[in-house]
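Colleague:
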Amino acid sequence: MLTHEEFAALLAVGHTPANDRPTVIAPEHSARLVALGYMADIAGRLRLTTPGRHLIAAGIATSAS
Numbered sequence: 282m283l284t285h286e287e288f289a290a291l292l293a294v295g296h297t298p299a300n301d302r303p304t305v306i307a308p309e310h311s312a313r314l315v316a317l318g319y320m321a322d323i324a325g326r327l328r329l330t331t332p333g334r335h336l337i338a339a340g341i342a343t344s345a346s
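Residue numbers (the numbering used here): 282 to 346.
1) DSSP three-state label for ALA338, please.
2) Does DSSP classify ARG328 as helix, strand or coil?
3) Would you call GLU309 buried or exposed, if buried means 16 or more other Cβ atoms sit within 10 Å of its Cβ?
4) According to DSSP, simplified to helix, strand and coil, what is ALA299?
Have a look at this one:
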């Protein structure tokens, strides 16, 4: 489960066009989202993975904190 802040970070990265400046999110959020497999750091730029896209499509944003 993601926190609302982590889900917002996932959305922010997901809505950033590939040719725009990279979105800056909290380091703890990027580390957790990469560790969970929802994002990948590709050449210093955060990009969504297929599971990250599916999570956004499902609209899942629940958490304990």
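For glycine and all other residues, C-beta sits at the position ideal for the given N, C-alpha and C.
Modeller: Taking the structure as given:
1) Assignment of ALA338 by DSSP, reduced to helix, strand and coil, places it in the helix class.
2) ARG328 sits in a strand when the DSSP states are folded into three classes.
3) An exposed status is given to GLU309, since fewer than 16 other beta-carbon atoms sit within 10 Å of its beta-carbon.
4) DSSP places ALA299 in coil when its eight states are reduced to three.
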